[in-house]
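Undergrad: So that we are looking at the same thing, I have put the structure below in structure tokens.
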Amino acid sequence: AREAVLAASMGPGATSDGHAVPLLANVGGARDLESALAHGAEGVGLFRTEFLFLDRAEAPTEEEQEAAYRAVFDAFPGGRVVVRTLDAGADKPLAFLPPSGEEPNPALGERGLRLFRKYPEMMGSQLRALARAAAGTQAQAYVMAPMVATVEEASWFVSACHDAGLPNAGIMIEIPSAALRAHHLATAVDFFSIGTNDLTQYALAADRQVSGVAELQDPWHPAVLDLIALTATGAATTGKSCGVCGEAAADPTLACVLVGLGVTSLSMGSPALPWVRAALSRHTVTQCRTAATAARTALSATTAKSAARNELPGLA
Ligand code: PEP
Ligand code: MG
240 AREAVLAASM GPGATSDGHA VPLLANVGGA RDLESALAHG AEGVGLFRTE
290 FLFLDRAEAP TEEEQEAAYR AVFDAFPGGR VVVRTLDAGA DKPLAFLPPS
340 GEEPNPALGE RGLRLFRKYP EMMGSQLRAL ARAAAGTQAQ AYVMAPMVAT
390 VEEASWFVSA CHDAGLPNAG IMIEIPSAAL RAHHLATAVD FFSIGTNDLT
440 QYALAADRQV SGVAELQDPW HPAVLDLIAL TATGAATTGK SCGVCGEAAA
490 DPTLACVLVG LGVTSLSMGS PALPWVRAAL SRHTVTQCRT AATAARTALS
540 ATTAKSAARN ELPGLA
């Protein structure tokens with residue numbers, strides 16, 4: 240069945256009535272590029288750059304970073320490649336930074352952009368390496384920051400990118416305050432990408448790493464769907480794009496719902512791409528919207544999923 244889906248569904252992502260939804264890959268380095276290309280990714284929607292910084296005694300040099308970024312850009316000439324700046328924190332500590340002390344709640348602490356801002360040299364070096372790598376390739380380079388909570392943080396990051404020669408600068412929406420104020424944040428950035436893994440964790444106050452609360456860590460929860468809808472609407476009213484790059488995009492049913500909520504591209508682990516491409520190709524954008532409305536009207540994650548499935552008859 241897998242081979243049949245793969246063979247039947249290459250080419251750009253779109254609904255059955257031709258509404259384009261670029262399907263992009265989440266990658267963690269050059270080793271993931273082969274799989275992204277084999278599964279027909281149209282570009283990269285999330286390039287996690289942590290691999291360059293973790294588990295080593297010294298920070299990577301600018302030259303080393305430039306080469307690693309260029310390898311990913313070069314895999315998609317003409318395509319979109321969205322690079323996320325370093326997302327480290329107490330849960331993913333960096334050996335070459337002074338210890339920041341124990342944090343009782345690492346998910347709520349100095350991580351992502353918060354940590355990045357504290358070390359301007361490290362940040363400057365990553366942005367310079369990205370700008371140089373982007374200048375020498377044919378990919379459309381986009382850069383985004385993780386863990387943005389406020390308009391001030393968003394504006395600050397976007398200015399830093401623009402100053403470094405990176406014109407397409409956006410943010411991840413993975414904190415509820417950012418989703419709730421998306422209409423304001425959208426005016427400060429070039430694009431959004433929703434991180435549903437963290438957005439779900441923070442919306443339901445359910446730590447991603449704690450198995451005892453795993454049941455609450457479900458992006459089908461209507462509260463999460465509401466936050467995604469607010470984000471997509473905030474982006475649309477200012478003409479900005481709004482992707483999803485969390486695990487939710489890899490669920491074919493939920494992918495249709497995300498499109499119905501107004502999400503403009505989907506990025507996922509490469510093996511899911513053919514399944515999501517097939518699910519979208521069997522439904523109109525109106526069916527996706529009806530499914531999204533049905534899911535948001537439900538009272539629980541479980542009933543949201545079944546309500547959406549009822550509206551999407553083309554799912555296997
Ligand atoms: C997310 O939070 O949904 C996301 C894509 O980022 P990560 O899983 O790397 O935190
Ligand atoms: Mg995240």
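Take 240 as the starting number for the sequence shown in UniProt numbering and just add one per residue. Even for Gly, the Cβ is constructed at its ideal location relative to N, Cα and C.
#1: Just to confirm, does Asp437 get its C-beta within under 7 Å of one of the non-hydrogen atoms of the ligand MG?
#2: If you measure from the CB of Pro385, is any heavy atom of the ligand MG nearer than 7 Å?
#3: Please check the pair Ala372 and Glu305, which I expect to be a contact at CB under 8 Å, by giving their CB distance rounded to whole angstroms.
#4: For the ligand MG, any of its heavy atoms closer than 7 Å to the Cβ of Gly284?
#5: For the ligand MG, I want to know if Arg550 counts as a neighbour, meaning its beta carbon is within less than 7 Å of at least one of the ligand's heavy atoms.
#6: Is the separation between the beta-carbon of Ile433 and that of Gly485 shorter than 8 Å?
#7: Could you tell me the distance, in whole angstroms, from the CA atom of Asn265 to the CA atom of Phe335?
#8: Indicate, with yes or no, if the ligand PEP has a heavy atom lying under 7 Å from the CB of Cys481.
#9: Counting contacts by CB-CB distance shorter than 8 Å, is Thr492 in contact with chain C?
#10: Using a Cβ-based criterion (distance less than 7 Å to any ligand heavy atom), does Arg350 qualify as near the ligand PEP?
#11: Between the stretch 382–399 and the stretch 322–332, are three or more C-beta pairs nearer than 8 Å?
#12: Taking 7 Å as the cut-off, is the beta-carbon of Gly279 closer than that to any non-hydrogen atom of the ligand PEP?
#13: With distances taken between CB atoms, is the gap from Leu263 to Arg319 smaller than 8 Å?
#14: Which term fits Val449, buried or exposed, when burial requires 16 or more other beta carbons within 10 angstroms of its beta carbon?
#15: Grouping DSSP H, G and I as helix and E and B as strand, with all else coil, what is Phe335?
#16: Closest by CA to Leu405, which one among Ser539, Glu281, Arg367, Phe315?
#17: Can you give me the C-alpha to C-alpha distance between Leu293 and Gly282, rounded to a whole angstrom?
#18: For Arg548, which residues of its own chain have a beta-carbon under 7 Å away from its beta-carbon, when the five flanking residues on both sides are left out?
#19: Is there contact between the stretch 468–485 and the stretch 500–518, where contact requires at least three CB pairs shorter than 8 Å?
#20: Within a Cβ cutoff of 7 Å, which residues of the same chain sit near Val524, ignoring the five residues on either side of it in sequence?
#21: Could you have a look at Tyr358 and say whether DSSP puts it in helix, strand or coil?
#22: Based on the DSSP secondary-structure assignment, which residues constitute the bridge partners of Ser506?
#23: Consult DSSP for Ile414 and reduce its assignment to one of helix, strand or coil.
TA: Looking at the atomic coordinates:
#1: Taking the first residue of the sequence shown as 1, we reach residue 437 at position 198. Asp437 Cβ: within cutoff of the ligand MG.
#2: Taking the first residue of the sequence shown as position 1, residue 385 is located at position 146. True, at least one ligand heavy atom lies under 7 Å from that Cβ.
#3: Stepping through the sequence shown from its first residue, residue 372 is reached at position 133. Stepping through the sequence shown from its first residue, residue 305 is reached at position 66. Right, their Cβ atoms sit about 5 Å apart.
#4: The residue given as residue 284 occupies position 45 in the sequence shown. Checking the Cβ of Gly284 against the ligand MG gives no.
#5: For the purposes of this step, residue 550 is taken as residue 311 along the sequence shown, with counting starting at 1. The identity of residue 550 in the sequence shown is Glu, whereas the question assumes Arg. Not so, every heavy atom of the ligand MG lies at least 7 Å from the Cβ.
#6: By one-based count along the sequence shown, residue 433 stands at place 194. By one-based count along the sequence shown, residue 485 stands at place 246. Yes; because the gap between Cβ atoms is below 8 Å, this pair is in contact.
#7: Here residue 265 corresponds to residue number 26 of the sequence shown, with the count starting at 1. Here residue 335 corresponds to residue number 96 of the sequence shown, with the count starting at 1. Taking the straight line from one Cα to the other gives about 27 Å.
#8: Your numbering for residue 481 matches position 242 in the sequence shown. Not so, every heavy atom of the ligand PEP lies at least 7 Å from the Cβ.
#9: Within the model displayed, chain C is absent; a lone protein chain is all it includes.
#10: Within the sequence shown, residue 350 is the residue found at index 111, counting from 1. Arg350: no, Cβ never under 7 Å from the ligand PEP.
#11: yes
#12: Indexing the sequence shown from 1 puts residue 279 at position 40. Because no heavy atom of the ligand PEP lies under 7 Å away, the Cβ of Gly279 does not count as near it: no.
#13: Sequence index remark: in the sequence shown, residue 263 carries index 24 (1-based). Sequence index remark: in the sequence shown, residue 319 carries index 80 (1-based). Going by C-beta atoms, Leu263 is nearer than 8 Å to Arg319.
#14: In the sequence shown, the residue the question calls residue 449 occupies position 210. Label assigned to Val449: exposed.
#15: Taking the sequence shown and counting its residues from 1, the one referred to as residue 335 is at position 96. Coil at Phe335, not helix or strand.
#16: Taking the first residue of the sequence shown as 1, we reach residue 405 at position 166. When only C-alpha atoms are compared, the closest one is Arg367.
#17: In the sequence shown, the residue the question calls residue 293 occupies position 54. In the sequence shown, the residue the question calls residue 282 occupies position 43. Near 25 Å, if we compare the C-alpha coordinates of Gly282 and Leu293.
#18: Position 309 of the sequence shown holds residue 548. Answer for Arg548: Thr492, Leu554, listed in chain order.
#19: yes
#20: Locating residue 524 in the sequence shown gives position 285, counting from the first residue. The answer, listed in chain order, is Thr254, Asp256, His258, Val498.
#21: For the purposes of this step, residue 358 is taken as the residue at position 119 of the sequence shown. It is coil, neither helix nor strand.
#22: Here residue 506 is taken as the residue at index 267 of the sequence shown, counted from 1. Leu263, per the DSSP bridge assignment.
#23: As a working note, residue 414 is residue 175 in the sequence shown. The answer is coil: DSSP assigns Ile414 none of H, G, I, E or B.
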